[in-house]
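J.: In terms of the working numbering, the sequence shown opens at residue -14 and continues consecutively.
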Amino acid sequence: MEGKPLVTSKQRTEVVRGVPTQVVCTAFSSHILVVVTQFGKMGTLVSLEPSNVASDVSKPVLTTKVLLGQDEPLIHVFAKRLVTFVSQEAGNKAVLLAVAMKDQSLEGLTAVREVIQTCQVW
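1. Check Ala85 in the structure and name its three-state DSSP category.
2. Is DSSP giving Leu30 helix, strand or coil here?
3. Using C-beta distances below 8 Å, list every residue in its chain close to Ser90, excluding the 5 sequence neighbours before and after it, in chain order.
4. From Met(-14) to Lys26, what does the alpha carbon distance come to, in whole angstroms?
5. Would you mind reading off the limits of the beta strand (DSSP E) that contains Glu57?
6. Find out if the Cβ-Cβ distance for the pair Pro35, Leu47 is shorter than 9 Å.
7. According to the neighbour-count rule (16 or more other Cβ atoms, all chains shown, within 10 Å of its Cβ), is Lys78 buried or exposed?
8. Please classify Leu(-9) as buried or exposed, where buried requires at least 16 neighbouring CB atoms within 10 angstroms.
9. Taking the continuous alpha helix (DSSP H) assigned at Arg(-3), which residues delimit it?
10. Is it right to say Gln23 is buried, meaning 16 or more other beta carbons lie within 10 angstroms of its own, or is it exposed?
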């Protein structure tokens, strides 16, 4: 029986600001999994869940929660900046982000977002 696969996944490796970076995006029925690594491992796992705000239902706020790894304020900001567009473009689906980055600069973040966009599975 042929049809659409249950899980759709795309992978990309790019050099971002001199550092080899791997990105894997996988679409599940209720979540999008995005793995970004410059270390070859998953690193910190962050859940980003959309929640509607009464004033603007069309643009939900993403609530972040660190599931595995160090829970530092910067990781919440980093996660939102990196994958908010994924949730929005996927119809406000929840996103699981696994991130292990050497380069945590704004330029590096912007470059990684572009790589994530090339792995679109949503």
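Yeah, the Cβ is synthetic: ideal placement off N, Cα and C, and Gly gets one too.
T.: In brief:
1. strand
2. strand
3. Arg2
4. Any reading at Met(-14) needs caution, since the residue's pLDDT is 49, under 50, leaving its predicted position unreliable; the model's value is listed next. Cα to Cα, the separation comes out at about 35 Å.
5. Per DSSP, Glu57 belongs to no beta strand (DSSP E) and is neither H nor E.
6. yes
7. buried
8. exposed
9. First-last for Arg(-3): Thr(-7) to Val1, but that is the beta strand (DSSP E), not the alpha helix (DSSP H).
10. buried
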